[in-house]
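Asks: Numbering (the numbering used here), first residue to last: 9 to 488.
From the three backbone atoms N, C-alpha and C, an ideal C-beta is built for every residue, glycine too.
Quick one: the structure is below, and I'll ask about it shortly.
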């Protein structure tokens with residue numbers, strides 16, 4: 009329980025009836041409990057530091073650098089007993105403490121954004137062919153530069169910090185990667201690829217995505233409102249019509265009438281039993297576990313998962329393929345109407361779909377809470393408003409207008425083609441502006457005009473004019 013700010017300890021007994029006239033400092037995290045630790049702050053030579061000399065003495069006794077200590081306890085921060093306890097558990101878990109507390113790692117947005125990059129460089133490169141010095145250089149640029157950025161942010165702005173890291177990595181990696189091109193399997197596009205495209209694909213990303221997923225009409229699903237019952241009646245009636253004059257006509261008509269009677273008796277609902285609720289609950293648990301597996305598979309970080317709900321961070325490379333897999337985890341009529349759990353088949357909640365909101369944001373210049381909120385908003389306001397729902401809506405935080413697009417998840421071929429286009433974009437083959445050019449088009453165009461406009465925009469944004477034909481082939485398939 010979180011203690012109320014009116015609790016008072018009197019002779020070892022907690023009392024809530026004593027009125028305290030003196031104000032105290034509230035915990036800066038929960039703003040609910042009184043703070044028992046406060047790190048007062050002041051600026052020394054334009055740098056934020058601790059005002060209390062006792063804190064500096066403690067840091068010195070711990071033989072720790074002040075900048076490292078600031079990562080755990082920031083100047084000006086006040087912590088109540090519960091929040092302090094949580095913080096200490098986090099620190100102990102991170103640094104480890106012998107055999108009692110195992111050392112664990114905590115992912116950050118930087119870890120998620122660059123997870124694909126680290127995997128490509130460390131795993132997909134043949135380790136036996138990389139020199140020891142090269143390995144150290146890669147490690148320095150992957151890990152140490154991020155620490156430099158954290159210090160740099162305190163005295164400069166975020167965009168300068170991002171450029172600093174980009175330039176330093178670009179100057180170091182091409183020579184190393186170019187020597188190992190034959191051992192790389194990172195890029196899934198076909199044909200011969202110029203070295204610079206492959207190098208661009210392997211560069212670290214500063215963008216990642218926040219994903220919010222939510223099952224459609226779960227309340228109706230729980231209450232037994234299944235929309236597919238009438239479709240079975242129509243199927244039997246069609247079968248009866250197709251077999252008119254045969255011995256099967258009477259049987260199909262009788263089955264249709266029997267279903268009508270059941271639906272009328274149940275008022276359009278399934279008969280909800282404890283077994284029905286148990287099966288649905290069990291299915292949603294397995295769905296959540298599969299979502300965790302998918303997130304980890306693509307180098308992401310689960311913030312929350314439970315039943316039909318999902319909140320996660322993923323690298324930009326997984327912005328389409330992970331969404332497709334999340335949807336399949338929930339169950340589809342075409343692929344997996346039943347989930348195979350340890351050779352036991354459990355029916356999936358396929359009566360309704362699942363909708364997603366995706367917010368694309370920059371790990372340095374955008375705030376995490378805003379990206380999570382935008383993912384929630386675009387799911388509720390865009391994806392859930394599509395006829396039949398079961399859609400994914402995308403938005404981007406880097407532009408003032410926050411463009412939004414929505415794709416029904418039943419269009420699998422469309423998603424596949426968009427994934428191909430994303431790979432071309434990540435390689436630098438397509439300019440990053442190719443999608444934004446469509447925002448300039450106002451009004452509605454007929455289908456032929458749209459195709460010509462697509463072809464013009466892709467041609468305009470393709471780096472190698474000689475390769476435009478292959479790219480247009482992909483676009484034409486996408487348009488179909």
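(1) Just to confirm before moving on: does the CB-CB distance between residue 331 and residue 400 stay below 7 angstroms?
(2) Give me the Cα-Cα distance between residue 416 and residue 368, rounded to the nearest whole angstrom.
(3) Considering only residues of the same chain and omitting the five flanking positions on each side of residue 300, which have a CB-CB separation below 8 angstroms?
(4) Taking the alpha-carbon positions, what's the residue 429 to residue 61 distance?
(5) Output the distance between the C-alpha atoms of residue 257 and residue 244, rounded to the nearest integer angstrom.
(6) Just list the alpha helix (DSSP H) runs in the region 243–279, keeping only unbroken ones of 4 residues or longer that don't cross its boundaries, in chain order.
(7) Judging by CA-CA distance, which residue of 387, 214, 421 is the nearest neighbour of residue 412?
(8) Taking the beta carbon of residue 289 as the centre, do at least 16 other beta carbons fall within 10 Å, making it buried, or is it exposed?
(9) Can you name the start and end residues of the beta strand (DSSP E) that residue 328 belongs to?
(10) So, using beta-carbon positions, are residue 308 and residue 321 closer together than 7 angstroms?
(11) If you draw a straight line from the C-alpha of residue 69 to the C-alpha of residue 51, how long is it?
(12) Beta-carbon within less than 6 angstroms of residue 382's beta-carbon, same chain only, minus the 5 sequence neighbours each way: which residues are those?
(13) Smallest Cα separation from residue 220: which of 211, 379, 234, 273?
(14) Using the Cα positions of residue 261 and residue 216, report the straight-line distance between them to the nearest angstrom.
(15) Could you spell out where the alpha helix (DSSP H) holding residue 66 opens and where it closes?
(16) State the start and end residues of the unbroken beta strand (DSSP E) segment that holds residue 383.
(17) If you follow the beta strand (DSSP E) that residue 313 is part of, which residue opens it and which one closes it?
(18) Is residue 232 near residue 304, with beta carbons less than 7 angstroms apart?
(19) Output the distance between the C-alpha atoms of residue 63 and residue 47, rounded to the nearest integer angstrom.
(20) Alpha carbons only, please: which of 329, 435, 360 is nearest the one belonging to residue 422?
(21) Nearest CA to the CA of residue 527: which residue from 57, 375, 93, 84?
(22) Using DSSP with H/G/I as helix, E/B as strand and the rest coil, what is residue 338?
(23) State the Cα-Cα distance for the pair residue 42 and residue 306, rounded to the nearest angstrom.
(24) How big is the Cα-Cα spacing for residue 326 and residue 302?
(25) Taking C-beta to C-beta, are residue 87 and residue 120 nearer than 7 angstroms?
Replies: By the coordinates alone:
(1) Yes, the Cβ-Cβ distance between residue 331 and residue 400 is below 7 angstroms.
(2) C-alpha separation (whole angstroms): 19 angstroms.
(3) These residues qualify, in order along the chain: 310, 313.
(4) In a straight line, the C-alpha of residue 429 is about 57 angstroms away from that of residue 61.
(5) Using only the alpha carbons, I get a separation of about 9 angstroms.
(6) Fully enclosed alpha helix (DSSP H) runs of 4 or longer: 255–274.
(7) If we check each option's Cα against that of residue 412, 387 comes out closest.
(8) It counts as exposed.
(9) Residue 328 -> no beta strand (DSSP E), and no H or E assigned at all.
(10) Cβ atoms of residue 308 and residue 321: closer than 7 angstroms.
(11) If you take the alpha carbons of residue 69 and residue 51, they lie about 23 angstroms apart.
(12) Within the same chain, residue 382 has close Cβ partners 367, 403.
(13) Ranking 211, 379, 234, 273 by Cα distance to residue 220 puts 379 first.
(14) Their Cα atoms are separated by approximately 55 angstroms.
(15) Its alpha helix (DSSP H) spans residues 61–69.
(16) Careful: residue 383 lies outside any beta strand (DSSP E), inside the alpha helix (DSSP H) at 376–389.
(17) Run containing residue 313: 309–314, per the beta strand (DSSP E) assignment.
(18) Taking 7 angstroms as the Cβ cut-off, residue 232 and residue 304 do not qualify as a contacting pair.
(19) Going by the C-alpha atoms only, they are around 8 angstroms apart.
(20) Taking the Cα of residue 422 as reference, the smallest distance to any Cα among 329, 435, 360 is reached at 329.
(21) This structure leaves residue 527 out entirely; the chain is present only between 9 and 488.
(22) DSSP places residue 338 in helix when its eight states are reduced to three.
(23) It is roughly 41 angstroms from the alpha-carbon of residue 42 to the alpha-carbon of residue 306.
(24) Residue 326 and residue 302: Cα-Cα distance of roughly 10 angstroms.
(25) No, Cβ-Cβ distance for residue 87 and residue 120 is not below 7 angstroms.
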